[in-house]
Amino acid sequence: MDASWIWLGVAIYVVIALAAAVLSRRGTSRTMSDYFLGSRRMGGFVSAMSYSATTYSAFMMIGLAGLTYAGGVGALGFELLYLCGVTLMLIFGPRFWRVGQAYGYVTPTEMIGHRYRSKAAGATTALASCLFLIPYAAVQLAGVGYLLSGMSGGAITFTQGTTVATVLAIIFAMIAGLRSVAWTDSLQAVVMIVSASLVVILVIRQLGGLGTFFDRLAADPGALSVPGTGYFTFSTFLALTLPWIFFMISNPQVSQRLYTPGSLRDLRRMMLGFMAFGFIYTMITVVWGLTARLEFQDLASGDQATPTLLASGLVPLPLGIIVMVGIMAAAISTIDSIMLTLSSMVSRDVYAPAARRLGSDEHTSAADTPAGHSAEGRQLLVGKLVIPVIAVLAYGFAHLQLDLIAVLSVSASAGLLVMVPPIIGAFFWKRGTAAGVITSVLVAGAIVLYLEATSTRFLGQGSGVWGILAATSVFILVSLATRAPAEHAEDFIKASRRRRKAGSTEPTPAAPAIATGSQR
Amino acid sequence: MRGPTGPALWTDDYAAHHRVHCQQRLDSPPVSHFSSSTQAPSVEPSATTPRRVRRWLLAAVAVIIVLMYLVPYTLLSDINAWYGSFLFWTLTTLAVLIINAVLAFGWED
Chain A
1 MDASWIWLGV
11 AIYVVIALAA
21 AVLSRRGTSR
31 TMSDYFLGSR
41 RMGGFVSAMS
51 YSATTYSAFM
61 MIGLAGLTYA
71 GGVGALGFEL
81 LYLCGVTLML
91 IFGPRFWRVG
101 QAYGYVTPTE
111 MIGHRYRSKA
121 AGATTALASC
131 LFLIPYAAVQ
141 LAGVGYLLSG
151 MSGGAITFTQ
161 GTTVATVLAI
171 IFAMIAGLRS
181 VAWTDSLQAV
191 VMIVSASLVV
201 ILVIRQLGGL
211 GTFFDRLAAD
221 PGALSVPGTG
231 YFTFSTFLAL
241 TLPWIFFMIS
251 NPQVSQRLYT
261 PGSLRDLRRM
271 MLGFMAFGFI
281 YTMITVVWGL
291 TARLEFQDLA
301 SGDQATPTLL
311 ASGLVPLPLG
321 IIVMVGIMAA
331 AISTIDSIML
341 TLSSMVSRDV
351 YAPAARRLGS
361 DEHTSAADTP
371 AGHSAEGRQL
381 LVGKLVIPVI
391 AVLAYGFAHL
401 QLDLIAVLSV
411 SASAGLLVMV
421 PPIIGAFFWK
431 RGTAAGVITS
441 VLVAGAIVLY
451 LEATSTRFLG
461 QGSGVWGILA
471 ATSVFILVSL
481 ATRAPAEHAE
491 DFIKASRRRR
501 KAGSTEPTPA
511 APAIATGSQR
Chain B
1001 MRGPTGPALW
1011 TDDYAAHHRV
1021 HCQQRLDSPP
1031 VSHFSSSTQA
1041 PSVEPSATTP
1051 RRVRRWLLAA
1061 VAVIIVLMYL
1071 VPYTLLSDIN
1081 AWYGSFLFWT
1091 LTTLAVLIIN
1101 AVLAFGWED
């Protein structure tokens, strides 16, 4: 495809997205909660589309399609299991939301630090998240690089593609924080699902309809079964799906969104919208990847599948451009979410405690006092400055081009798995301690890092398996050996539960702390 | 702007901030900042989805997920057609999503 068409598509996207971002601003954000969480007032539909756009990134149409191309229907099982992980949202969504309302959390790692009464726990989990999310952001940039270079037949280089993506991501994130991200997300999600559906329907029709499509696949050994031709062995499947099932609570850029809805009704709408979107989008993407598998047998890498198919004669030019733009938008919205979350975590959970300790931000009570304003303002500034730093680091990692996008994404998420035991423990186990959190994250994180860096499959299993086993056992053992913040844990857990009918004997969450002054 | 926007702390200042903040919320009626529906007393679980039913449904989800691992690799591993793993995974996912939707309507409003 001629490169000039591609640049035209990019230009149209930039204009529309900038307009949406600027229009979504409502004055300058003065507070962390406003900038990073849209003041906890995000409505159901926008939240649902934004949540969908955050989780379903360039990973889908490039990464998942590529995985389908390489391994067949196993990729469908993999991605549908991810969607089944929404059950965790069912269990943890209201709990995150309630404690977010009660304690004013802006980041999930802040919640961990507060719940376990330890700044160090908050900082450790924040830094671990940065470590493992930068590669995840990087594969989004790489996705755009493959897309633009693949579609233009190399006329646009991988470097040019990733540079464009990086610059746009920084600009959109800086304009208005989460609110601009949420609105551009919603736009992108709608464009993506509509254009992807259209293009798949078109291609299937051209290939002779669903019947022919499945007949041809049946003749391709391994396309419709597992382990098929051997790509998706059971241990591979397990290694890929485990980090994916816990994604919604292990990935902070996604779990942070649980603080944003204005009410439980909005949270529910967010969840239902996400489920519908996710199911449709997954089916479309896998069918798309299987189509590429039928039509182009000799691609160098699975990640070439989508660009090749989009630029082929099977897809009309305008639709191909629209889908391409949609994928770009998906990648950039995901990067933005990651950057926003990481920057909020660095400024809130690493910078702020350090600044307080050094005495530079002495007044830390309500944000209404002038001193409170400037402390919050400084946090916000640090948060904004961190954004380009993260983007540049991701850009550097993207150029390593280590493996298939799907595989790299899962590796990054395997590292984040180590935070799952402390998060589950926060809501269900009073005995968890800060020491347990810190040691489990450090030990298990190091194990995952080592296994990934050396490409080792210990006992034939993936890094995520060992990561979660190590994290769980270390967390439990160390917690049992140290003292737990029992009363505080009790308050937190009560705050996370649904409120009982008035007149019941069980006290409401905040009451004990106030009545007895025992909150410490 | 009402509502918790100050930085969270883990020192004694936090306790004071939290007490004041929570006391304000308990004392005064909700502002439009929070949807009024969150301030109403919650509905007893039995009025929406009974607790036992909720537990069984969640257990069903766990079982279905385990089956999503086991069945394609055993019973369906030789069926290279659309009605094999493709259909199985699609239907089991729909079942999980429907259960999730049902349970989500049980959240207090």
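Sequence order for the protein chains is A and B. According to my numbering, the first sequence is numbered sequentially starting from 1. According to my numbering, the second sequence is numbered sequentially starting from 1001. We treat Cβ as the ideally placed atom computed from N, Cα and C, and that holds for glycine.
| Query | Result |
| --- | --- |
| Cβ neighbour criterion (16 or more within 10 Å) applied to residue 97 (chain A) | buried |
| Terminal residues of the alpha helix (DSSP H) in which residue 269 (chain A) lies | 264-295 |
| Neighbour list for residue 1056 (chain B) in chain A, Cβ cutoff strictly below 8 Å | Simply none; closest approach about 14 Å. |
| Alpha-carbon spacing of residue 126 (chain A) relative to residue 492 (chain A), whole angstroms | 20 Å |
| Rounded straight-line distance, which links the Cα of residue 184 (chain A) to that of residue 10 (chain A) | 15 Å |
| Reduced DSSP secondary structure (H/G/I, E/B, other) of residue 485 (chain A) | coil |
| Helix, strand or coil at residue 261 (chain A) [DSSP, three-state] | strand |
| Through-space distance from residue 2 (chain A) to residue 220 (chain A), alpha-carbon basis | 33 Å |
| C-alpha gap between residue 106 (chain A) and residue 207 (chain A), whole angstroms | 49 Å |
| heavy atom of the ligand ATP below 7 Å from residue 386 (chain A) C-beta | The ligand ATP is not part of this structure, which contains no ligands at all. |
| CB contact below 8 Å: residue 227 (chain A) versus chain B | yes |
| Meets three-Cβ-pair contact criterion under 8 Å: the segment 459-476 of chain A and the segment 145-158 of chain A | no |
| Beta-carbon neighbours of residue 1061 (chain B), restricted to chain A and to distances below 9 Å | 84, 87, 90 |
| Pairwise C-alpha distance: residue 407 (chain A) and residue 490 (chain A) | 40 Å |
| Contact set for residue 242 (chain A): own chain, Cβ-Cβ below 8 Å, skip 5 residues either direction | 414, 417, 462, 464, 465, 468 |
| Among A:259, A:297, A:198, nearest to residue 110 (chain A) - alpha-carbon criterion | A:259 |
| Exposed unless 16 or more other CB atoms sit within 10 angstroms - verdict on residue 1029 (chain B) | For residue 1029 (chain B), the pLDDT reaches just 40, beneath the cut-off of 50, and the residue's location in the model is therefore unreliable, although a value from the coordinates is still provided. Exposed, since its Cβ has fewer than 16 Cβ neighbours within 10 Å. |
| Cβ of residue 1096 (chain B) within 8 Å of any chain A Cβ | yes |
| Straight-line Cα distance separating residue 209 (chain A) from residue 423 (chain A) | 47 Å |
| C-beta neighbour in chain A for residue 1075 (chain B), strict 8 Å | no |
| Euclidean distance between Cα positions of residue 1108 (chain B) and residue 1050 (chain B) | 13 Å |
| Cβ-based neighbour list, residue 304 (chain A), same chain, cut-off 6 Å, excluding 5 preceding and 5 following | 150 |
| Where the alpha helix (DSSP H) through residue 1100 (chain B) begins and ends | 1085-1104 |
| As assigned by DSSP and simplified to three states, the class of residue 427 (chain A) | helix |
| Chain B contact for residue 272 (chain A) (CB, 8 Å cutoff) | yes |
| Contacts that residue 1072 (chain B) makes with chain A (C-beta to C-beta distance below 7 Å) | 77, 226 |
| Proximal residues, the segment 59-75 of chain A versus chain B, C-beta separation under 7 Å | 73 |
| Reference residue 228 (chain A); option with closest CA among B:1062, B:1079, B:1054, B:1063 | B:1079 |
| Per-residue contacts from residue 1103 (chain B) into chain A (C-beta, under 7 Å) | 90 |
| is_contact[residue 400 (chain A), chain B] using C-beta, thresh 8 Å | no |
| 8 Å Cβ cutoff, residue 1067 (chain B) in contact with chain A | no |
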